[in-house]
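Residue numbers (the working numbering): 2 to 287.
Glycine residues also receive a C-beta, built at the ideal position from the N, C-alpha and C atoms.
Below is one structure; the comments refer to it alone.
The structure is reproduced here in structure tokens:
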């Protein structure tokens, strides 16, 4: 019974925000032709002055993401950001610090100069109060997916455009395991995501994600999931298409247990589950 299942997980009071996670959107440049660079354009700007590399950042789009790993398509953001007052981060000053980039910005003419979305100087991106978070460890996830969420843990300083969002907060490796789990996908799809996009899939909206009950396990449960996530990452680093099915399965079992689900409830969530009743009922985290 759908309502009964929802009531069972609704007894869990925590949500991402109550546990100290912050969810932010991607970067809307308002002028992709100027700010989004392919590899050749990025190299050309770095050849003008190697210092320019400081503000040329690797960027991911929703379409580049898979669960646990991205495909970096050598696309870059020219990150002439507008600073963050609260963090004492000054706007990027092209004239004084990156003067060789001025002709590049000037080449976009009046339309670029007079666009609506801009920062203090015409070459600055519009305000983005979380721009500093991109350099920190975070979870990046795709806005629109087909079946299941695509969350991945990043400590390589990727930036994102407006089709991939970010989550910052504690215990990120644990959280990426939980968010990529079959149980989380099921709860999100069944109870929290509003309407789906029909054939074109699911939308992971911030407000919807904040509705899903989240369990922060005991320290041994957290460590168990983190260690499986770390194994998945080390395999994917060596080979992007590595088969991490067994590890993901173990995370699935751990997450079902976190939500106190019986084996029969697991079968409702995933009728095709490879997990046997015996494996499930004997599963323990020391």
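Thinking residue 203 and residue 146 are a contact (beta carbons under 8 Å), I'd like their distance in whole angstroms, please. Yes, they are in contact, since the Cβ atoms of residue 203 and residue 146 sit about 5 Å apart, within 8 Å.
Quick one: what does DSSP say residue 53 is sitting in, helix, strand or coil? Here residue 53 carries a helix assignment [DSSP, helix/strand/coil].
Check for me: the alpha helix (DSSP H) holding residue 233 runs from which residue to which? Here the alpha helix (DSSP H) through residue 233 covers 220-239.
When you compare only the Cα positions, how much space is there between residue 9 and residue 274? In this structure, the straight-line span from the alpha carbon of residue 9 to that of residue 274 is close to 21 Å.
Euclidean distance between Cα positions of residue 65 and residue 228: Between the alpha carbons of residue 65 and residue 228 lies a distance of about 25 Å.
Whole-Å CB distance - residue 38 paired with residue 77, under 8 Å assumed: Contact between residue 38 and residue 77 is confirmed by a C-beta separation of about 4 Å, below the 8 Å threshold.
Which full runs of the alpha helix (DSSP H) of 4+ residues lie inside the region 114-185, going along the chain? Counting only runs that start and end inside the region 114-185, the alpha helix (DSSP H) elements of at least 4 residues fall at 173-180.
Complete runs of the beta strand (DSSP E) confined to the region 59-92 [at least 3 residues]: Qualifying beta strand (DSSP E) stretches, in chain order: 76-79.
If contacts are defined as beta-carbon pairs under 8 Å, then residue 18 and residue 211 qualify, I think. What distance do you get, rounded to the angstrom? With 8 Å as the limit, residue 18 and residue 211 qualify as a contact, their Cβ atoms being about 6 Å apart.
From residue 152 to residue 90, what distance separates their C-alpha atoms? Rounded to whole angstroms, residue 152 to residue 90 spans 28 Å at the Cα level.
What residue range does the beta strand (DSSP E) around residue 37 cover? Segment 37-39, the beta strand (DSSP E) holding residue 37.
Could you give the distance in angstroms between the alpha-carbon of residue 7 and the alpha-carbon of residue 110? Each residue's Cα considered, the two are about 55 Å apart.
Quick one: Cα of residue 84 to Cα of residue 161, how far? When rounded, the distance between both Cα atoms is 17 Å.
Other residues of its chain near residue 181: CB distance less than 6 Å, five sequence neighbours each side excluded: Cβ-Cβ distances below 6 Å link residue 181 to 68, 152 in the same chain, with the five nearest sequence neighbours on each side left out; the list follows chain order.
Write down the C-beta distance between residue 141 and residue 165 rounded to the nearest angstrom, noting that I regard them as a contact closer than 8 Å. About 6 Å; that satisfies the 8 Å criterion.
Could you check where the beta strand (DSSP E) with residue 24 kicks off and where it finishes? Going by DSSP, residue 24 is part of the beta strand (DSSP E) stretching over 23-25.
If contacts are defined as beta-carbon pairs under 8 Å, then residue 113 and residue 35 qualify, I think. What distance do you get, rounded to the angstrom? With 8 Å as the limit, residue 113 and residue 35 qualify as a contact, their Cβ atoms being about 6 Å apart.
Take the Cβ of residue 71 as the centre, count every other Cβ of all protein chains shown within 10 Å, and call the residue buried at 16 or more, exposed below. The residue is buried, with at least 16 neighbouring Cβ atoms inside 10 Å.
With residue 216 as the anchor, note down where its alpha helix (DSSP H) starts and where it stops. Where residue 216 is concerned, there is no enclosing alpha helix (DSSP H), given that its DSSP letter is neither H nor E.
Under 8 Å between C-beta atoms, does residue 47 make it to chain D? The chain labelled as chain D is not found in the depicted structure, where only one protein chain is given.
Excluding the five sequence neighbours on either side, which residues of its own chain have a C-beta within less than 6 Å of the C-beta of residue 285, listed in chain order? Cβ within range, chain order: n/a, list empty.
Local conformation of residue 29 per DSSP, three classes: Residue 29: coil per DSSP, three-state reduction.
Check the DSSP bridge columns for residue 203 and list the partner residues they point to. According to DSSP, which records beta bridges pairwise, residue 203 is partnered with 146.
Taking just the CA atoms, how far does residue 96 sit from residue 238? Taking the CA atoms as reference points, residue 238 sits about 39 Å from residue 96.
Excluding the 5 residues preceding and the 5 following residue 281 in the sequence, name in chain order all residues of the same chain whose CB lies nearer than 7 Å to its CB. If we look at residue 281 and ignore the five residues flanking it on each side, its Cβ neighbours are 254, 264, 267.
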